[in-house]
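See structure below.
Numbering (full-length UniProt numbering), first residue to last: 1 to 521.
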């Protein structure tokens, strides 16, 4: 740190709103920055950097690279398993059905479809509460508390006896699990730069739930039929117990931001916070701003992604609940059907990694990458529908290709992460986006009509229409963002790079009010 930077960190200097900003050093609470903002709209990271500024040498690329690897080693495994175990709770109802769940609970007609749809309905209701809590409760604290509660709820499934009981349990599970995606999304933005976010999303939001679910299904499939409980009851007891123990573990080890990360030393915390200034999205602010909430509601880009999340998750909602049943209908035993669902997760996850890696390196072409990825599930859906069901190889290959809808979803959710500034706007935006996710998952199971089995013509049509709609939405987003960036360049000139650790990178203002903010397409 230069002498001028040390002086700026130690001395409070007030600047006129229109005065040129010549200070590229640390932030001082009580100052007015170059955009005219006071300490009232400074992010907590700005205050932290001002308070912790010490005799740290400048951060070199080597130091940053080593730091990012350390953050990855700690954060990625923790967040990955939180997301995966939460997803297992949601999708294992399909595995339970392979072991007599519907028969033992006397379900008929569309009751199973409604059991699948009620969970995302609970999520929709829960996201309104989550939106309120996200701005008042640190993301790791919110995630850990919700995780303990939904894990305990999973254990209660084993005591369920009828359809109405499971409708209530699934609704409550969805309500509690509404904290998962917004909290994970916020934690990713709290630790990583924009360019680093897509590949981390691909890992954290991996489709490993089918791998875990298939393994758990195989374990309970080996339980003798003479056991005192039904096999599907053991499934919920097993996963619920694992989730409770893991929830307790993360309660003590998961940090809210680099500023509170116990696995980082003092200088690493400083560097990890300082380097995120270039995101221009801030890290933490507990002040609710109604103007930012209004901007989120009226932002055209936000609604494009919300609608995108609805339509891309219609296939997700259906396949999550009916994928194993579709395989079972091809003539495989329950045990083999459960094992054959495991490649779903491997293919979906590996392809999400590949396309997210591509999206991170092909600058401002994330929408195009997602559109290319959408071609694969379209091909898979057509193959499954047009080939004879006696052609097992073609049916299975087509079915596996259908799960390539996951990469465009993962790439798509990185867009609001990169393009939303202001803490209140981020909280509202992430909640709206997840409401779209829940609505899509609510609709999806309803497209699988029991009287259309085993071809499920209505579901096939719904999936193809959804994929085509996603392509149109992504093209709209791409050209709209390019148009906005062009207008900003004409109005303000080429965006300037923000200096690490300066207040400009940690103002709690929205992307629309930041003249040097440029949108990622």
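By construction, the Cβ of each residue, glycine as well, lies at the ideal position given by its N, Cα and C atoms. None of the values given here were measured: they were computed from a predicted structure.
Excluding the 5 residues preceding and the 5 following residue 409 in the sequence, name in chain order all residues of the same chain whose CB lies nearer than 6 Å to its CB. Working through the chain shown from its first residue, we reach residue 409 at position 409. Excluding positions up to five away in sequence, the list reads 312.
Is it right to say residue 109 is buried, meaning 16 or more other beta carbons lie within 10 angstroms of its own, or is it exposed? What you label residue 109 is simply residue 109 of the chain shown in a count that begins at 1. It is exposed - the Cβ of residue 109 has fewer than 16 other Cβ atoms within 10 Å.
Cα-Cα separation between residue 47 and residue 273, rounded to whole angstroms: Sequence index remark: in the chain shown, residue 47 carries index 47 (1-based). Sequence index remark: in the chain shown, residue 273 carries index 273 (1-based). Taking the straight line joining both Cα atoms gives about 11 Å.
Under the three-state reduction of DSSP, which class applies to residue 161: helix, strand or coil? On the chain shown, position 161 is the one that residue 161 refers to. Reduced to three states, the DSSP call for residue 161 is coil.
Same chain, Cβ closer than 8 Å to residue 106, neighbours up to 5 away in sequence not counted: Here residue 106 corresponds to residue number 106 of the chain shown, with the count starting at 1. Within the same chain, residue 106 has close Cβ partners 162, 163.
Residue 99 versus 389, 337, 463, residue with shortest Cα-Cα distance: Numbered from 1 along the chain shown, position 99 holds the residue referred to as residue 99. When each option's Cα is compared against that of residue 99, the closest is 337.
Give the list of continuous alpha helix (DSSP H) stretches no shorter than 4 residues that lie fully inside the region 202-278. 209-221, 231-253, 266-274
Got a sec? Which residues, its chain only, sit under 7 Å from residue 512 by beta carbon, not counting five neighbours each side? Reading the chain shown from its first residue, position 512 is the one you call residue 512. Only 295 meet the Cβ criterion.
Where are the alpha helix (DSSP H) runs, 4 residues long or more, that stay fully inside the region 127-183, in chain order? 139-156, 163-177
Hey, would you say residue 370 sits closer than 8 Å to residue 404, going by beta carbons? On the chain shown, position 370 is the one that residue 370 refers to. On the chain shown, position 404 is the one that residue 404 refers to. No, they are not a contact pair.
Classify residue 329 as helix, strand or coil using the three-state DSSP reduction. Counting from 1 along the chain shown, the entry for residue 329 is found at position 329. Helix at residue 329.
Look at residue 575 and residue 442 and say whether their C-beta atoms are less than 8 Å apart. The chain is shown from 1 up to 521; residue 575 falls before or after that span and cannot be answered.
Residue 77 classed as buried or exposed, judged by whether at least 16 other C-beta atoms fall within 10 angstroms: Numbered from 1 along the chain shown, position 77 holds the residue referred to as residue 77. Its Cβ having fewer than 16 others within 10 Å, residue 77 is exposed.
Inspect the beta-carbon positions of residue 508 and residue 423 and report whether they are closer than 8 Å. Your numbering for residue 508 matches position 508 in the chain shown. Your numbering for residue 423 matches position 423 in the chain shown. Going by C-beta atoms, residue 508 is nearer than 8 Å to residue 423.
Identify the continuous alpha helix (DSSP H) that holds residue 396 and give its terminal residues. Taking the first residue of the chain shown as 1, we reach residue 396 at position 396. Residue 396 -> alpha helix (DSSP H) spans 392-402.
Within the same chain, show all residues whose beta-carbon is closer than 7 Å to that of residue 520, passing over the 5 residues directly before and after it, in chain order. Translated into the one-based positions of the chain shown, residue 520 becomes position 520. Answer for residue 520: 194, 364, 366, 415, 418, 419, listed in chain order.
In whole angstroms, what separates the C-alpha of residue 238 from that of residue 392? Position 238 of the chain shown, counted from the first residue, corresponds to residue 238. Position 392 of the chain shown, counted from the first residue, corresponds to residue 392. Near 32 Å, if we compare the C-alpha coordinates of residue 392 and residue 238.
Anticipated Cβ contact below 8 Å, residue 447 with residue 458, distance rounded: To locate residue 447, count along the chain shown from 1; it is residue 447. To locate residue 458, count along the chain shown from 1; it is residue 458. Going by Cβ atoms, the distance from residue 447 to residue 458 rounds to 5 Å, so yes, they are a contact pair.
Smallest Cα separation from residue 137: which of 97, 150, 183, 95? Locating residue 137 in the chain shown gives position 137, counting from the first residue. Checking every option, the nearest Cα to that of residue 137 belongs to 183.
Continuous alpha helix (DSSP H) stretch holding residue 531: start and end: Since the first and last residues shown for the chain are 1 and 521, residue 531 lies out of range.
Can you tell which of 360, 275, 455, 231 has the C-alpha that lies nearest to the C-alpha of residue 104? Residue mapping note: residue 104 aligns to position 104 of the chain shown, counting from 1. That would be 231, whose Cα lies nearest to the Cα of residue 104.
Can you tell me whether DSSP reads residue 288 as helix, strand or coil? As a first step, residue 288 is located in the chain shown; it is residue number 288 there, counting from the start. Coil at residue 288, not helix or strand.
Residue 368 to residue 127, Cα distance in whole Å? By one-based count along the chain shown, residue 368 stands at place 368. By one-based count along the chain shown, residue 127 stands at place 127. So the two alpha carbons sit approximately 29 Å from each other.
Would you kindly work out how many angstroms separate the C-alpha atoms of residue 151 and residue 75, rounded to a whole number? Working through the chain shown from its first residue, we reach residue 151 at position 151. Working through the chain shown from its first residue, we reach residue 75 at position 75. So the two alpha carbons sit approximately 21 Å from each other.
Is the beta carbon of residue 143 less than 8 Å from the beta carbon of residue 133? Start at 1 with the first residue of the chain shown, and residue 143 comes out as number 143. Start at 1 with the first residue of the chain shown, and residue 133 comes out as number 133. Not in contact: residue 143 and residue 133 (Cβ atoms no closer than 8 Å).
With DSSP collapsed to three states, give me the class of residue 421. Walking along the chain shown from the start, residue 421 turns up at place 421. Reduced to three states, the DSSP call for residue 421 is coil.
Under the assumption that residue 188 contacts residue 306 (Cβ atoms under 8 Å), give the Cβ distance between them as a whole number of angstroms. Counting from 1 along the chain shown, the entry for residue 188 is found at position 188. Counting from 1 along the chain shown, the entry for residue 306 is found at position 306. Not confirmed; about 19 Å, so no contact.
Which first and last residues belong to the alpha helix (DSSP H) in which residue 478 is found? If you number the chain shown from 1, residue 478 lands on position 478. That run of the alpha helix (DSSP H) goes 457-492.
Where residue 198 and residue 227 are concerned, what is the direct C-alpha to C-alpha distance, given to the nearest angstrom? The count along the chain shown starts at 1 and reaches residue 198 at position 198. The count along the chain shown starts at 1 and reaches residue 227 at position 227. Roughly 46 Å between the two C-alpha positions.
Just to confirm my understanding: we take residue 427, look at its own chain, exclude 5 residues before and 5 after, and list those with CB closer than 7 Å. What are they? Working through the chain shown from its first residue, we reach residue 427 at position 427. Same-chain partners within the cutoff: 131, 134, 135.
Determine the direct distance from the alpha carbon of residue 353 to that of residue 256, and round the result to whole angstroms. Along the chain shown, read from residue 1 onward, the residue named residue 256 stands at position 256. Along the chain shown, read from residue 1 onward, the residue named residue 353 stands at position 353. If you take the alpha carbons of residue 256 and residue 353, they lie about 25 Å apart.
Counting pairs of Cβ atoms below 8 Å between the region 65-73 and the region 260-272, do you hit three or more? yes
Using a Cβ-Cβ cutoff of less than 7 Å, which residues in the same chain neighbour residue 450 once the five nearest sequence positions on both sides are dropped? To locate residue 450, count along the chain shown from 1; it is residue 450. Cβ within range, chain order: 109, 110.
Spatially closest choice to residue 211 from 374, 343, 90, by CA coordinates: In the chain shown, the residue the question calls residue 211 occupies position 211. It is 343.
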